[in-house]
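Chemist: One structure, as structure tokens, below. Some questions next.
Chains as they are written, first to last, in the numbering used here: chain P, 22 to 353; chain Z, 97 to 486.
Now the structure itself:
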């Protein structure tokens, strides 16, 4: 008992001394403008201290836990690149067996989620573990030097999908992960973007209410991999949403239950232009024009599929979602 | 009370007596009956446990890892391709110093596909940093399973209990299942010092630079070396409780004055014991049962091999392009002796090939030649091969 009181103190103190509980502390080694660092902080902040985290190999692990330091204030374990979902399943089963209710998180990048860890993720969702899986989607293997993943958008440049005389960047479409996840009929699946912090918080809290698997894919710009200035991360992330290339949606038991409408959809070029990874699409090349049209068509398709075009000005749309105004409605 | 039980069923009962809280496994022959047995016990309410039926061996090991890290006693079992599929996680479990127990129902590795027994699967992961204990019969499999939990939890090292597929797993033997009271007296409730607990947050499995990695590996190596004492202690304490010994690190059977010894792992030991009785005219021969392969009991092995003229290493793990895996290690250990015995290395019984009693006279005949047999596969029938493959 004395042991318990002793250990409760620091957390109680933390709660008093900080405006919010920080699961991920400042002082880690992430690059300037890292979307993932911001997203991970928002997720853990919203969840509070009663969580256990299984983390896939990747930037998040590397920049937060260079031994003998750690930026985590929550129990955290990194095992391998491809087994965060399975390790989290084991943690959840263990806590269930012990009669504990701490929430289990699994964190992965798009490589560990869309590709190499996909099988373990699918297994976890199918078995219905009470785990929130968060994918920090920066659309390539950033930790190893920017190679394409199945999340890399069509036509984007990476070191393994370089544009050249014969190719215009990545040749395949970004994997529609959220549809595949939703097809598991899990209680809750959503996309989010670091450009909308209160939306992330809302979705994390929604996921925490659920007894069962939940999945959130958070669009997280990588200034290094995308080739934009670090100070533009939030703006670039917002443009991805506003042009329709990264739709913000919620699905419950596979059915679409929420979208963030676009007040005035922007052309995809607004989003692509600030990023070096799409620079080859803005050269005087007929193929570039074709690819831009292709990307615009993909955005239009998303807008149609999810009905993103708001019919009237809406305080909850992509332009108003995170603005706070007196007497107004906040997104979350 | 003796009861006739299939090896797998006996192992399942032994695991259940250890009160695991999480069992995660994927079916693979010849391991399946073990997990089926556990699933039956759980379904019947005889074992309170979370059974996580995963989508692959990779996840089986991962789930077990997560479960132990979160503070629960866990169990998994696999074989052959399954061991290889989970091999990355096996290294990880050991490196994270997670005290997990698993059964490896030893089976050959394809290609060509074989579901039958040899020991290349567990030998392929011998350097993962696990304790590896090999069982000669099903009574040992039961006793070693219980001991494994104590060894694992005291050393914070994972333990792989290796039992020969089919030869043991699918064979009925009269054996004694310990009582729950005996197991409870031997195995305290699981407490993992580095549990992931929101009240005491820790970070585990962090990035380690070259500045610290060497130290981590050194610590792991030392832990395995220290584990030798725990393996011996577990066996002798279990003997006090049940009257049964499994051999500690290794076991020797035979007259002290014997100049020849045959060393083996697993169920072939029983075959050799019978064979020695069958051929008493062939003189006195020691039989050495290597129970712990990791940590490798160098000192104990040197002790029992002192004064021998010949040691025959009979094993079921082939390292293609090199020879026998166990033979090479035994030879290396014995070269340190002043009058080192000659080491003869034979692979036998690969992919479930029968190991008959007359292996014994053949072995003893084979070492009568002038030079030691560095390595040979004993029972190859060359006429089954094309000329260029012979």
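All C-beta atoms, glycine included, are put in the ideal place defined by N, C-alpha and C.
Remember, it's a predicted structure, so these values are computed and weren't measured experimentally.
#1: Please list, in chain order, the residues of the segment 268 to 301 of chain Z that have any C-beta partner in chain P closer than 7 Å.
#2: Quick one: what's residue 420 of chain Z bridged to in DSSP?
#3: Excluding the 5 residues flanking residue 178 of chain Z on each side, which residues of the same chain have their C-beta closer than 6 Å to its C-beta?
#4: Contact check, residue 110 of chain Z vs residue 241 of chain Z under 8 Å by CB: the rounded distance?
#5: Just how far apart, CA to CA, sit residue 48 of chain P and residue 93 of chain P?
#6: Starting from the beta carbon of residue 441 of chain Z, find every residue of chain P whose beta carbon is closer than 9 Å, and list them in chain order.
#7: For residue 238 of chain P, which of helix, strand or coil comes out of DSSP?
#8: Around the Cβ of residue 268 of chain P, are there at least 16 other Cβ atoms within 10 angstroms (buried) or fewer (exposed)?
#9: Under 9 Å between C-beta atoms, does residue 104 of chain P make it to chain Z?
#10: Kindly indicate the opening and closing residues of the beta strand (DSSP E) around residue 326 of chain P.
#11: Please compile the residues from chain Z whose C-beta is within a distance smaller than 8 Å of the C-beta of residue 95 of chain P.
#12: With a threshold of 9 Å between beta-carbons, can residue 471 of chain Z be considered close to chain P, or not?
#13: Quick check: the segment 258 to 274 of chain Z against the segment 287 to 300 of chain Z, are at least 3 beta-carbon pairs closer than 8 Å?
#14: By how many angstroms is the C-alpha of residue 477 of chain Z removed from the C-alpha of residue 484 of chain Z?
#15: Taking 8 Å as the cut-off, does the segment 100 to 116 of chain Z touch the segment 230 to 249 of chain Z (at least 3 CB pairs, one atom from each stretch)?
#16: Can you tell me whether residue 359 of chain P is buried or exposed? The criterion is at least 16 other CB atoms within 10 Å of its CB, across all chains shown.
#17: So, are the CB atoms of residue 414 of chain Z and residue 473 of chain Z less than 9 Å apart?
#18: Does residue 71 of chain P have its Cβ less than 9 Å from a Cβ in chain Z?
#19: Between which two residues does the alpha helix (DSSP H) holding residue 360 of chain Z run?
#20: Pick helix, strand or coil for residue 198 of chain Z, following the three-state DSSP scheme.
#21: Can you tell me the Cβ-Cβ gap for residue 296 of chain P and residue 257 of chain P, rounded? I've got them flagged as a contact below 8 Å.
#22: Does the beta-carbon of residue 217 of chain Z have 16 or more other beta-carbons within 10 angstroms, so that it is buried, or is it exposed?
#23: Only counting the same chain, and skipping five residues up and downstream in sequence, which positions put a Cβ closer than 6 Å to that of residue 252 of chain Z?
#24: Out of Z/166, Z/317, Z/300, Z/116, which one is the CA nearest neighbour of residue 390 of chain Z?
#25: I need the straight-line Cα distance from residue 135 of chain Z to residue 147 of chain Z, nearest angstrom please.
#26: My output table needs one value for residue 251 of chain Z: the three-state DSSP class, helix, strand or coil.
#27: Going along the segment 178 to 194 of chain Z in order, which residues come within less than 8 Å of chain P, judged by CB to CB distance?
#28: Three-state secondary structure (DSSP) at residue 134 of chain P?
#29: With a CB to CB cut of under 6 Å and the five nearest residues on each side skipped, what residues in its chain are close to residue 418 of chain Z?
#30: Could you tell me the distance, in whole angstroms, from the CA atom of residue 276 of chain P to the CA atom of residue 228 of chain P?
#31: Using beta carbons (cut-off 9 Å, strictly below), is residue 423 of chain Z in contact with chain P?
#32: Relative to the alpha-carbon of residue 341 of chain P, which residue among P/194, P/252, P/284, P/59 has its alpha-carbon at the smallest distance?
#33: Going by other Cβ atoms of all chains shown within 10 Å of its Cβ, with 16 needed for buried, is residue 114 of chain Z buried or exposed?
#34: Check whether chain P comes within 9 Å of residue 146 of chain Z, counting only Cβ atoms and requiring the distance to be less than that.
#35: Is residue 109 of chain P helix, strand or coil when you go by DSSP?
#36: Based on Cα-Cα distance, which residue from Z/454, Z/422, Z/468 lies nearest to residue 222 of chain Z?
Modeler: In this structure, then:
#1: Taking 7 Å as the Cβ-Cβ cut-off against chain P, the residues of the segment 268 to 301 of chain Z that qualify are 292, 293, 294, 295, 296, 297, 298, 299, 300, 301.
#2: Note: residue 420 of chain Z is bridge-paired with Z/414 in the DSSP secondary-structure output.
#3: For residue 178 of chain Z, where only same-chain residues beyond five positions count, the Cβ hits under 6 Å are 124, 153.
#4: Between residue 241 of chain Z and residue 110 of chain Z the Cβ distance is about 4 Å, and since that is below 8 Å, they are a contact.
#5: Spanning the two alpha carbons is a distance of roughly 10 Å.
#6: Per Cβ cutoff of 9 Å: no residues; residue 441 of chain Z is ~35 Å from chain P at best.
#7: It is a strand residue.
#8: Residue 268 of chain P comes out buried.
#9: Among the CB atoms of chain Z, one or more fall inside 9 Å of the CB of residue 104 of chain P.
#10: Note, residue 326 of chain P: premise wrong, no beta strand (DSSP E); alpha helix (DSSP H) at 307 to 327.
#11: Correct list: 294, 297.
#12: Not closer than 9 Å to any Cβ of chain P, the Cβ of residue 471 of chain Z fails to qualify, so no.
#13: In short, these stretches do not touch, since the Cβ pair count stays below three.
#14: In a straight line, the C-alpha of residue 484 of chain Z is about 14 Å away from that of residue 477 of chain Z.
#15: These segments touch.
#16: Nothing about residue 359 of chain P can be read from this structure; chain P reaches only from 22 to 353.
#17: In terms of Cβ geometry, residue 414 of chain Z and residue 473 of chain Z form a close pair [threshold 9 Å].
#18: Answer yes: the Cβ-Cβ gap between residue 71 of chain P and chain Z drops below 9 Å somewhere.
#19: First-last for residue 360 of chain Z: 356 to 360, but that is the beta strand (DSSP E), not the alpha helix (DSSP H).
#20: Strand at residue 198 of chain Z.
#21: Taking C-beta atoms under 8 Å as the contact rule, residue 296 of chain P and residue 257 of chain P qualify, at a distance of about 7 Å.
#22: Classification of residue 217 of chain Z: buried, given that the 10 Å Cβ count is 16 or more.
#23: Excluding positions up to five away in sequence, the list reads 193, 195.
#24: The shortest C-alpha separation from residue 390 of chain Z is found at Z/317.
#25: Taking the straight line from one Cα to the other gives about 7 Å.
#26: Of the three classes helix, strand and coil, the one that applies to residue 251 of chain Z here is helix, per DSSP.
#27: Those residues of the segment 178 to 194 of chain Z placed with their C-beta closer than 8 Å to a C-beta in chain P are 184, 185, 188, 192, ordered along the chain.
#28: If DSSP states are grouped into helix, strand and coil, residue 134 of chain P belongs with the helices.
#29: There are no such residues.
#30: Those two C-alpha atoms are separated by around 16 Å.
#31: No, its Cβ sits nowhere closer than 9 Å to a Cβ of chain P.
#32: Looking only at P/194, P/252, P/284, P/59, the smallest Cα-Cα distance to residue 341 of chain P is reached by P/284.
#33: A residue is called buried once 16 or more other Cβ atoms fall within 10 Å of its Cβ, and residue 114 of chain Z is buried on that count.
#34: It does; some Cβ of chain P falls within 9 Å.
#35: For residue 109 of chain P, the secondary structure class from DSSP, reduced to helix, strand or coil, is helix.
#36: That would be Z/422, whose Cα lies nearest to the Cα of residue 222 of chain Z.
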